[in-house]
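*Asks:*
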Amino acid sequence: MAVTVTRWRLQITGTVQGVGFRPFVYRVATALGLRGCVWNSPAGVVIEAEGPAGALAELRQRLESDAPPLARLAAIDVVELPPAGLGPFCIAGSQGGAERAALVPPDAALCPECRAEVLAPEDRRYGYPFTNCTHCGPRFTIVRALPYDRPQTTMAAFPLCPDCTREYHDPRDRRFHAQPVACPRCGPRAWFIGAGGTCTGEWAPAFAGAIQAGQVVAVRGLGGFHLTCAAHDPEAVARLRQRKRRPDKPLAVMARDLAAVRRYCHLSAAEEALLASPAAPVVVLQRRADAPLPAELAPGARTLGVMLPYTPLHLLLLAAAGTDLLVMTSGNRSGLPLARDNEDAMAELADVADAFLLHDREIANRCDDSVLRVVDGAPLFYRRSRGYVPVPIPVPAPAPGHHPTALGAGGEMKNAFCLVTGGQAFLSQHIGEMDVREGQAFFREALARLSRFLEVTPEVIGYDPHPGYQVSRLALGLPGTHCPVQHHHAHLAAVLAEHGVVEPAVGIILDGTGYGDDGTLWGGEILAGDLRTCRRVAHLGYLPLPGGERAIRQPWRTAVSALALAYAPDEAERLAEALFPGRPARAVLGMVRERLNSPPACGAGRWLDAAAALLGLCLDSTYEGHAATALAEAATGLAPAAPYPWRQEGKTLDLLPAVRALVADRLNGVPAPAAAARFQLTVATATATAAAGAAAAAGCQRVALGGGVFQNPDLLVQVRSLLQSRGLQVLIPRQVPPGDGGLALGQAVVALWRLTPTR
Ligand code: ZN
Ligand code: ZN
Ligand code: FE
0 MAVTVTRWRL QITGTVQGVG FRPFVYRVAT ALGLRGCVWN SPAGVVIEAE
50 GPAGALAELR QRLESDAPPL ARLAAIDVVE LPPAGLGPFC IAGSQGGAER
100 AALVPPDAAL CPECRAEVLA PEDRRYGYPF TNCTHCGPRF TIVRALPYDR
150 PQTTMAAFPL CPDCTREYHD PRDRRFHAQP VACPRCGPRA WFIGAGGTCT
200 GEWAPAFAGA IQAGQVVAVR GLGGFHLTCA AHDPEAVARL RQRKRRPDKP
250 LAVMARDLAA VRRYCHLSAA EEALLASPAA PVVVLQRRAD APLPAELAPG
300 ARTLGVMLPY TPLHLLLLAA AGTDLLVMTS GNRSGLPLAR DNEDAMAELA
350 DVADAFLLHD REIANRCDDS VLRVVDGAPL FYRRSRGYVP VPIPVPAPAP
400 GHHPTALGAG GEMKNAFCLV TGGQAFLSQH IGEMDVREGQ AFFREALARL
450 SRFLEVTPEV IGYDPHPGYQ VSRLALGLPG THCPVQHHHA HLAAVLAEHG
500 VVEPAVGIIL DGTGYGDDGT LWGGEILAGD LRTCRRVAHL GYLPLPGGER
550 AIRQPWRTAV SALALAYAPD EAERLAEALF PGRPARAVLG MVRERLNSPP
600 ACGAGRWLDA AAALLGLCLD STYEGHAATA LAEAATGLAP AAPYPWRQEG
650 KTLDLLPAVR ALVADRLNGV PAPAAAARFQ LTVATATATA AAGAAAAAGC
700 QRVALGGGVF QNPDLLVQVR SLLQSRGLQV LIPRQVPPGD GGLALGQAVV
750 ALWRLTPTR
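Here the sequence shown is numbered in numbering that gives the first Met the number 0, starting from 0 and rising by one per residue.
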């Protein structure tokens, strides 16, 4: 009896292009004896297969169970069709334009197979720093235009040798259609430039010599340059810090492998998975108390930002230097974007680096390392960039059908912009500081590139109405319909959008300073709103910032301001002079009293600054979030029984009673960590209580957390559990950073919703 032949058409959506999905389907279908074809479509991948129903079912099942590591399947739709006598199974070429709508995949870390090849002396890719395959290697960083084919990437400069050509065209090979495929014969090369000029011999021993001599080396990597030096050499680390003018901010390190990470840090299963993921981000880990590391790496910090070698070049650098740990910090001057070209780097980093390790694969799109931390059991973004960009995030659409393309311009610091089109949000790579010309140029270039990839032009533009923001000035200069989106509403909307929530919710938005609707500086906000509108329900009390920006750099000034509000004039003066000897405390008190250049601000970050300074943990801030980090680190692991007193008066959450209690504790010799923990719990309790009240009044069940202050793990967990204990559902940002790196997503979505009528 003849076997009944069935024909299926399977449509697969998700991240299925540029990840080896078609050859995978080819192998499975051929092994199952099926006939038919697989091809890329604008929406994903289509398979037509003919054969016994059992084999078709097996194919469908294995699409999910055995998919290539970088593939992410959103859905598989199956339609049964009449048998058509299909030919032997084949992979159809990309039909013109079919791939244009599909975006470039993100860069992926060195896979285990390639790693083994690079380390195997008999392999033709032994020691080759640009080895990659369909499962790993550069993607976003090398693409100039779509479709994602080799001629459109910076690998176009390297014609394939016969061996690589064979691999590229063989559907059974791991390198079938791997666009960046390369080998020592045909691919990019690395070289070393030291004090004595370009090294004529091998780069690896020259690099090793420089590291062992305590030098700082600028290394060209995947999305830009790193500055590297021996992590175990305190003098080298100090030199790097001094030259980069970065006295205190923790430096990221690259560890040889997971065993090396465990030597220095505690590592949970979730953290290990994140480190070893294809995105290979920097993961902020709790460092071991007995870790043999110089204090210079992260002065005073209990954490360490660690990543694993994510390119073969990095793997080989660590092997050559004979170390398990290298400092790997961004190769830029403070506040400027990453260097990109060899010439730029040599000029920009001339007085920072002693030597350069360069290569000749151009970087099409600069992309900094991503930074995450496992907070409350799941990853939380500190910075979303390499390995995640340009993976889209689905967001709710205001109405069915076509929508204009929306741009969110982002914030002034830690900028990333966002394009929303077709219900998908594409957050850009980390752009950085927008108050410098270089940052603005990077923004324009990255926006033009992403718009071209997506074949869209922004029509509606959400921006921060802060009158001093260069990024907003830039946004207003772009053609389109402009829509101001209040800073903290944008934070709230970003969280709602990533969770697909369109109903009203309450937001606890805690950050440094953002421009408020009334022209004052907000940042300790309890909001109620949705993707269109928002109102302020409550907020932390206002603190004058004596000297404005200067107070942000010098938290002791904000502390003096808190003393001025919390005590009678004589007492405030006595305390200010006792707590900040040698500082012009009296003059600052005068500024506050006379409201001289002391703009009022209610940012949670400013209250944490004041507390950190009052406890002597951080008087001067040398990087953004310095004082808040010092306070959080001091409080780590402590569970205070109760918060300090605070009270709500109208819309104001008054923390001055907590300030008085904290100062009393300090004067009574209570250890600073205990007081820090208690103050933090006060901020958590005050805001969670107010949010619960707002939720009850508004009749909603959801509270969203946003703003950069929620990078603090203890604070996030405290607020989350206080809200949950009141039966509320808590939304935590997991797809984009809670801070200003995620702001643009909220701006774009609000602009889109406001400017699109509901049908
Ligand atoms: Zn690979
Ligand atoms: Zn080759
Ligand atoms: Fe913010």
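We treat Cβ as the ideally placed atom computed from N, Cα and C, and that holds for glycine.
Every value quoted in this text rests on a predicted model; they were computed, and no experiment measured them.
Can residue 166 be considered in contact with ligand 1, in the sense that its beta carbon sits closer than 8 Å to one or more heavy atoms?
*Replies:* no
*Asks:* Quick one: is the Cβ of residue 39 within less than 8 Å of any heavy atom of ligand 1?
*Replies:* No, since every heavy atom of ligand 1 falls outside the 8 Å radius drawn around the Cβ of residue 39.
*Asks:* Measure the Cβ-Cβ separation of residue 497 and residue 392 and say whether it is below 9 Å.
*Replies:* yes
*Asks:* If you draw a straight line from the C-alpha of residue 675 to the C-alpha of residue 615, how long is it?
*Replies:* 10 Å
*Asks:* Where does residue 204 land, buried or exposed, given buried means 16+ other C-beta within 10 angstroms?
*Replies:* So residue 204 ends up on the exposed side.
*Asks:* Taking the alpha-carbon of residue 380 as reference, which of 281, 399, 345 and 471 has the nearest alpha-carbon?
*Replies:* 281
*Asks:* Looking at the secondary structure, which residues open and close the alpha helix (DSSP H) in which residue 113 lies?
*Replies:* 111-118
*Asks:* What whole-angstrom Cβ distance do residue 87 and residue 6 have, given they're in contact under 8 Å?
*Replies:* At roughly 15 Å, the Cβ-Cβ gap does not stay under 8 Å, so residue 87 and residue 6 are not in contact.
*Asks:* With a Cβ-Cβ cutoff of 9 Å, do residue 544 and residue 600 count as a contact?
*Replies:* yes
*Asks:* Identify, in the order they occur along the chain, each residue of the same chain with its Cβ nearer than 8 Å to the Cβ of residue 99, setting aside the five sequence neighbours on each side.
*Replies:* Reliability fails at residue 99, whose pLDDT of 43 lies under 50, so the model's placement of it is uncertain and the value that follows must be treated cautiously. Around residue 99: 41, 145, 146 and 454.
*Asks:* I need the straight-line Cα distance from residue 449 to residue 427, nearest angstrom please.
*Replies:* 8 Å
*Asks:* Compute every distance between the C-beta of residue 410 and the non-hydrogen atoms of ligand 3, then say whether any falls below 8 Å.
*Replies:* yes
*Asks:* Does ligand 3 have even one heavy atom less than 8 Å from the beta-carbon of residue 486?
*Replies:* yes
*Asks:* If you scan the segment 526-603 from start to end, which runs of the beta strand (DSSP E) of 3 or more residues do you find wholly inside it?
*Replies:* 533-539
*Asks:* Give me whichever residues DSSP pairs with residue 225 in a beta bridge.
*Replies:* Paired residues: 218 and 329.
*Asks:* For the putative contact between residue 356 and residue 206, defined by C-beta atoms under 8 Å, what is the C-beta separation to the nearest angstrom?
*Replies:* That pair is a contact at about 6 Å.
*Asks:* Determine contact between the segment 370-389 and the segment 275-295, defined as no fewer than three beta-carbon pairs at a distance below 8 Å.
*Replies:* Touching, yes.
*Asks:* State the Cα-Cα distance for the pair residue 332 and residue 728, rounded to the nearest angstrom.
*Replies:* 43 Å
*Asks:* Considering only residues of the same chain and omitting the five flanking positions on each side of residue 413, which have a CB-CB separation below 6 Å?
*Replies:* 739 and 740
*Asks:* Give me the Cα-Cα distance between residue 501 and residue 395, rounded to the nearest whole angstrom.
*Replies:* 7 Å
*Asks:* Considering just the uninterrupted stretch of the alpha helix (DSSP H) at residue 438, what are its terminal residues?
*Replies:* 436-453
*Asks:* With a cut-off of 8 Å, do at least 3 Cβ pairs link the segment 557-565 to the segment 574-582?
*Replies:* yes
*Asks:* Start and end of the alpha helix (DSSP H) containing residue 412?
*Replies:* Run containing residue 412: none; DSSP gives neither H nor E here.
*Asks:* For the pair the segment 333-348 and the segment 288-300, tell me if three or more CB-CB distances fall below 8 Å.
*Replies:* no
*Asks:* Can you name, in chain order, every residue of its own chain whose Cβ lies under 8 Å from the Cβ of residue 594, other than the five neighbours on each side?
*Replies:* Closer than 8 Å at Cβ, skipping near neighbours: 543.
*Asks:* Which residues share a DSSP beta bridge with residue 514?
*Replies:* 520
*Asks:* What are the start and end residues of the beta strand (DSSP E) that includes residue 204?
*Replies:* Where residue 204 is concerned, there is no enclosing beta strand (DSSP E), although the alpha helix (DSSP H) it sits in stretches over 202-211.
*Asks:* Once you ignore the five residues that flank residue 96 on each side, which residues in its own chain have a CB closer than 6 Å to its CB?
*Replies:* Low local confidence applies: a pLDDT of 42 at residue 96 is under 50, so the model's placement there is unreliable, and no value is given.
*Asks:* Given 8 Å as the limit, tell me if residue 162 has its C-beta closer than that to any heavy atom belonging to ligand 2.
*Replies:* yes
*Asks:* Check residue 99 in the structure and name its three-state DSSP category.
*Replies:* Caution applies to residue 99, whose pLDDT of 43 falls short of 50 and renders its modelled position unreliable; the value that the coordinates give is listed next. It is coil, neither helix nor strand.
*Asks:* For the segment 6-22 and the segment 32-47, state whether three or more C-beta atom pairs, one from each stretch, are separated by less than 8 Å.
*Replies:* yes
*Asks:* Classify residue 347 as buried or exposed, calling it buried when 16 or more other Cβ atoms lie within 10 Å of its own Cβ.
*Replies:* Note on residue 347: 16 or more other CB atoms within 10 angstroms of its CB, so buried under the neighbour-count rule.
*Asks:* Based on the DSSP secondary-structure assignment, which residues constitute the bridge partners of residue 418?
*Replies:* 406 and 425
*Asks:* Quick check: residue 710 and residue 489, are their CB atoms within less than 9 Å of each other?
*Replies:* Annotated as distal: residue 710 and residue 489, with beta-carbon spacing of 9 Å or more.
*Asks:* Hey, residue 113 and residue 311 are a contact pair by Cβ (cut 8 Å); roughly how many whole angstroms apart?
*Replies:* Sure, about 7 Å apart at Cβ, within 8 Å.
*Asks:* Any heavy atom of ligand 2 closer than 8 Å to the CB of residue 159?
*Replies:* yes
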